[in-house]
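A short worksheet on the structure shown next.
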Amino acid sequence: MSKRIHPVANLLAGIARGISGVQVQWAGCEPDERQRVYFANHTSHLDFVVLWSALPSDIRAVTRPIAAKDYWDETPLRRYLAEKVFHAVLLERGSLAKAKNPDEAHFVGRHLIEDMAAALGDRNSLILFPEGTRGTGEKIAPFRSGLYHLALRRPDVELVPAYLENLNRILPKGEFLPVPMLSLLTFGKPIQVAPGEAKDAFLERAREAVSGLRRIGPA
Amino acid sequence: MLEALRDPKLVWLFGGVLSLLAISSVIGNILRNRQKPGAGRTTIDNLNARIRAWWKMCAIFATAILVGRVGSLILFAIISFLAMREYMTLVPTRRGDHRTLFWSFFVIMPLQYYLIGIQWYGFFAIMIPVLAFVFVPTSIAIAGDTEHFLERAAKIQFGIMVCAYCLSHAPALLLLKIPGFEGHDARLLLYLVIVDQMSDVLQYVWGKLIGKHKIAWRVSPNKTWEGFLGGVLSATALGTALWWATPFTPLQSAGLSFTICILGFCGGLVMSAIKRDIGIKDFGVVIEGHGGILDRMDSLCFAAPIFFHLVRYYFVP
């Protein structure tokens with residue numbers, strides 16, 4: 001993958017920053033070029049672009065979003081934005097659920113994790129929304145297990161929690177016109193899977209790491 | 220463009236503001252150097268941050284006035300936009316208000332300024348209090364969410380009134396055709412802003428110097444009777460002394476600047492009450508040392524429309 005940022009990506013990042021008036025706070029770590037997985041709550045189409053635009057440009061160039069293939073592969077415009085502009089890693093959402101038996105599920109799951117690990121390569125970072133879909137902003141939904149398996153597969157990569165506040169009011173699910181309110185983005189302290197930690201315990205801890213970064217409180 | 224520079228009285232007004240800022244900067248620096256680290260330090264740092272913010276605001280304002288009528292209109296439209304953004308961010312709204320809010324930001328507010336631009340006074344005066352008043356609750360009702368319906372409609376309408384309607388009366392001064400004052404309307408706008416903002420500053424200064432007796436300590440613990448009286452009287456004196464830049468006699472100028480000061484105080488008090496209600500100290504963090512845009516403009520929100528109508532009633536035939 002080239003290290004060049006697509007001009008449309010920079011343009012969209014600028015627009016998203018303007019609309020969201022986002023104030024960024026690095027509360028638990030500093031911007032760093034080391035490989036990371038940024039994971040955040042998900043309430044708006046703006047989430048990824050705002051988070052991505054908050055990173056310094058050299059880090060931005062190697063940071064790719066994980067996105068749902070069923071949505072972003074649907075129309076030519078979405079495909080163009082996802083593949084050409086943001087170099088998104090498109091994953092088949094719900095392919096695990098469609099599996100007919102545990103063996104197939106295991107196989108499909110392995111495949112998804114391998115895709116993410118391959119996308120990380122030896123210098124890229126990823127942006128992941130582990131809820132799997134956009135919520136209303138009141139509560140963070142339980143995390144899908146991908147984050148856990150990816151963390152085990154690539155223990156060298158830092159897992160950075162981030163909380164995006166108020167974006168659900170700027171561009172909620174189902175709307176296409178934004179209201180330019182102000183928003184907050186807080187990066188927290190990196191977490192990792194503790195030795196022998198169970199999947200559900202880790203995912204719940206990861207979810208709390210995100211929700212603990214809330215600054216204003218429920219909208 | 221730049222015709223403002225050909226108006227010597229306007230240049231004098233700006234010169235006065237700049238000298239005042241220069242003197243304040245010098246005093247701020249002296250205070251900082253004399254102060255031992257410790258107790259009063261934060262107050263002085265805050266004062267210096269305020270003075271620095273004033274330099275920036277003054278530069279922006281001067282540029283807008285130099286560009287002319289359109290410049291002032293665009294500047295105030297931007298101020299309205301930023302103020303409304305701070306307000307709507309902090310006032311609780313629900314998902315069902317989304318489209319109403321979109322209209323408020325991108326149609327109602329710009330239309331208000333456009334109406335000033337095309338000098339359509341009649342429509343400018345009723346668009347928000349009448350049309351928006353009908354539009355806001357209707358569009359929320361159409362969205363279908365009735366929870367806290369009245370509160371939401373009222374809060375949004377209040378925000379549009381304060382941030383768009385009231386503030387727009389400041390640049391609307393440029394609409395007024397006062398006999399014998401043609402082409403000098405920029406001075407009237409500057410007069411309003413100087414008296415209004417100096418009243419804020421002087422109330423703050425007097426309050427810090429000799430303030431003891433709180434006016435409404437529940438609402439705003441920093442407002443004292445000493446600060447209020449000292450600030451209003453000294454800002455009124457300043458406004459009176461600026462009569463030469465306005466179409467007013469010294470006595471009229473005294474009455475009008477007194478009115479601006481009192482209304483400015485009311486605006487600040489009401490906004491403080493709203494902030495208490497929401498549970499925050501400042502509306503935003505856009506201007507360093509000043510809280511947010513709305514914290515700076517709260518006094519102008521109440522002073523501008525009344526000043527506009529007083530001038531229009533008594534001085535425009």
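In the order they appear, the protein sequences are chains A and B.
Per the numbering used here, the first sequence runs over residues 1 to 219.
Per the numbering used here, the second sequence runs over residues 220 to 536.
No residue lacks a Cβ here, since even glycine has one placed at the ideal position from N, Cα and C.
- In this structure, residue 446(B) sits away from residue 416(B), with a CB-CB distance that is not shorter than 9 Å.
- The segment 98 to 177 of chain A contains, as complete alpha helix (DSSP H) runs of 4+ residues, the segments 102 to 120, 146 to 153 and 167 to 170 (chain order).
- For residue 324(B), the chain A residues whose Cβ falls inside 8 Å of its Cβ are 179 and 180, in order along the chain.
- Residue 21(A) reaches chain B at 304, counting residues in chain order whose Cβ is nearer than 7 Å.
- For residue 497(B), the closest alpha carbon among the candidates 476(B), 309(B) and 293(B) is that of 309(B).
- When Cβ-Cβ separations below 9 Å define contact, residue 307(B) makes contact with chain A.
- Beta-bridge analysis with DSSP links residue 66(A) to 89(A).
- By the Cβ-count criterion, residue 511(B) is buried, with 16 or more other Cβ atoms from all chains shown falling within 10 Å of its own Cβ.
- Residue range 36 to 40 is occupied by the beta strand (DSSP E) that includes residue 36(A).
- Taking a C-beta cut-off of 8 Å against chain A, none of the residues of the segment 340 to 351 of chain B qualify.
- Uninterrupted beta strand (DSSP E) stretches at least 3 residues long and entirely within the segment 334 to 393 of chain B do not occur.
- Contact check between the segment 383 to 391 of chain B and the segment 402 to 417 of chain B: three or more CB pairs, one atom from each, fall below 8 Å, which counts as touching.
- Each residue's CA atom was taken as its position, placing residue 135(A) and residue 478(B) some 50 Å apart.
- At least one beta carbon of chain A lies nearer than 9 Å to the beta carbon of residue 317(B).
- The straight-line gap separating the alpha-carbon atoms of residue 339(B) and residue 396(B) is approximately 13 Å.
- Boundaries of the alpha helix (DSSP H) around residue 428(B): 404 to 429.
- The C-alpha of residue 376(B) lies about 11 Å from the C-alpha of residue 307(B).
- For residue 225(B), no Cβ of chain A is located within less than 9 Å of the residue's own Cβ.
- 18(A) is the residue among 10(A), 18(A) and 8(A) whose C-alpha sits nearest the C-alpha of residue 179(A).
- The three-state reading of DSSP puts residue 433(B) in strand, counting E and B together.
- Bounds of any beta strand (DSSP E) do not take in residue 193(A), whose DSSP letter is neither H nor E.
- In the three-state reduction of the DSSP assignment, residue 301(B) falls in the helix class.
- Straight-line measurement puts the Cα of residue 262(B) at about 11 Å from the Cα of residue 254(B).
- In chain order, 23, 165 and 215 place their CB closer than 6 Å to the CB of residue 184(A), counting only its own chain and leaving out the 5 sequence neighbours on each side.
- Spatial neighbours of residue 346(B) in its own chain (CB-CB distance under 7 Å, excluding positions within 5 residues in sequence) are listed in chain order as 330, 331 and 334.
- Three or more Cβ pairs closer than 8 Å define a contact, and the segment 203 to 210 of chain A meets that threshold against the segment 138 to 155 of chain A.
- Three or more beta-carbon pairs drawn from the segment 450 to 466 of chain B and the segment 225 to 240 of chain B are found closer than 8 Å, and the two stretches are therefore classed as touching.
- Rounded to whole angstroms, the gap between the alpha carbons of residue 73(A) and residue 293(B) is 42 Å.
- For residue 23(A), there is no enclosing alpha helix (DSSP H); the enclosing beta strand (DSSP E) covers residues 23 to 26.
- For the C-beta of residue 33(A), not a single chain B residue is nearer than 9 Å; the gap to the nearest is close to 29 Å.
- Counted as a single uninterrupted DSSP element, the alpha helix (DSSP H) harbouring residue 321(B) occupies residues 317 to 322.
- For residue 291(B), the CB contacts under 8 Å within the same chain, skipping 5 residues up- and downstream, are 283, 284, 390, 393, 405 and 408 in chain order.
- Look at the beta carbons and you see the segment 483 to 496 of chain B touching the segment 422 to 442 of chain B: at least three pairs across the two are nearer than 8 Å.
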